[in-house]
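Chemist: Below is a structure I'd like to ask you about.
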Amino acid sequence: MKHNGMEWSGMEWNTNFVPLFGYSMMEWNNITIPSRVECNLNCPVCDEEYEDEIHIFFRCTVARDSWCAAGLSSVLHNDAYQQSNAMDRIFAVCSNESSDIVGRVAILLWCIWQNRNDKLWNDNVQMPRQIGRYAFDAWNDWYSVHKLQSNSESRTTEANLVRWEKPALGWVKCNVDVAFVSGSGRTSMGLCFRNNMGQVMAGMTQWQQTVMSSIEGEAWALLLAMEEARHRGLDRVQFESDSKMLVEAIHMKRRGNSEFLSIVHDIISFMSSFLNFEVKFVRRQANSVAHALARAANSWSSFHRFENIPLCIEHLVINEMQNEHYHRRRPSPPSVCLQ
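Under my numbering, the very last position in the sequence shown is 1005; numbers go up by exactly one each time.
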């Protein structure tokens, strides 16, 4: 792909959503307005400033808050991406950021554009946290599908991540997940500690009457899991999360002013005091017990501990223990262990 006469190859564009998004970008400069229709030239979302492509995606207060909710505020405020028009900004991001960041930015911009159109034509508008959360979830879903379709050389590695595996002798495994129940206005989490036999040792669920972005919720849940492990006196724990972005942020020790990165900083500080706390990324299929607990949390009190296995996860645990018994253990992907 070329921009201003220069070839750009920072990301493989052989995907479905990227060409479609690129086509949408071309529409920005080709918007036609029906004749004899009086139009308000202010932004239909914030109604504060004249609407142009820079305002829509980068300066509108709703758009800026959406970037933060999606965990991308560091990209939005990067001095290297302050070009005078949207196309130049986007190509600067594409030229300098990883493919993951480029993909997340592309979907976020599409979500901001959709929200703008929904407000203009249907008088519906989403809150920035909802826009950011949807963008993050959409990227995770696309990423999961894309990775499953990757070449055969990577499929063996992928297979290691879709089946729950017992921890090593002397270690405890803690699976943790977050859930958002539509219409409840709650963010809930669930965690489960299991020994090297695969047996449930204990667990916890908790919910808050607040709506977080997905990535903030994942980070919040992991921090609570570490606090619970400390409360129970567990010092050799492998935590598993199905949030690739969260695990990478911990591994890279990312810093920033967003709420997500603030929680990541707390997690990193926690791990510096517990050197045998590890964090590992797994697929959703290998995290089904924690996911079931997170969804069931809304049926219990806002804070619920258990030592006996709840009925909602009993069948999942039994199936995982049986699968583990009949499958030969394969080497696991490297964990994140901060020294």
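Even glycine gets a Cβ: it sits at the ideal position worked out from N, Cα and C.
Values in this document were obtained by computation on a predicted structure and should not be read as measured data.
Does the contact criterion of 3 or more C-beta pairs under 8 Å hold for the stretch 859-873 versus the stretch 716-726?
Modeler: Judged by Cβ distances under 8 Å, the stretch 859-873 makes no contact with the stretch 716-726, as fewer than three pairs qualify.
Chemist: Taking only the alpha-carbon atoms, compute the straight-line gap between Ser909 and Asn985 and give it to the nearest angstrom.
Modeler: Between the C-alpha atoms of Ser909 and Asn985 there is a straight-line separation of about 23 Å.
Chemist: Phe757 lies in the alpha helix (DSSP H); which residues open and close that run?
Modeler: 752-762
Chemist: Measuring straight from C-alpha to C-alpha, what distance separates Arg961 and Met870?
Modeler: 12 Å
Chemist: Looking only at C-alpha atoms, which of His897, Leu912, Ala891, Ile773 sits nearest to Gln904?
Modeler: With distances taken between Cα atoms, Gln904 lies closest to Ala891.
Chemist: What are the residues that DSSP puts in a beta bridge with Tyr747?
Modeler: According to DSSP, Tyr747 bridges with nothing at all.
Chemist: Tell me which residues share the same chain as Leu786 and place their Cβ nearer than 8 Å to its Cβ, disregarding the 5 neighbours each side in the sequence.
Modeler: Result list for Leu786: Pro710, in chain order.
Chemist: Measuring straight from C-alpha to C-alpha, what distance separates Glu715 and Cys840?
Modeler: 49 Å
Chemist: Going by C-alpha distance, which of Met855, Leu888, Val828, Arg898 is nearest Ala868?
Modeler: Arg898
Chemist: State the Cα-Cα distance for the pair Gln748 and Ile916, rounded to the nearest angstrom.
Modeler: 27 Å
Chemist: Quick check on the DSSP output: what are the complete beta strand (DSSP E) runs of length 3 or more inside the stretch 847-921, in order along the chain?
Modeler: 852-860, 866-874, 903-907
Chemist: Suppose you measure from the CA of Ser854 to the CA of Ala956; what does that come to, to the nearest Å?
Modeler: 11 Å
Chemist: Give, in chain order, every unbroken run of the beta strand (DSSP E) that is at least 3 residues long and sits entirely within the stretch 775-814.
Modeler: none
Chemist: With H, G and I counted as helix, E and B as strand and the rest as coil, what does DSSP make of Arg971?
Modeler: strand
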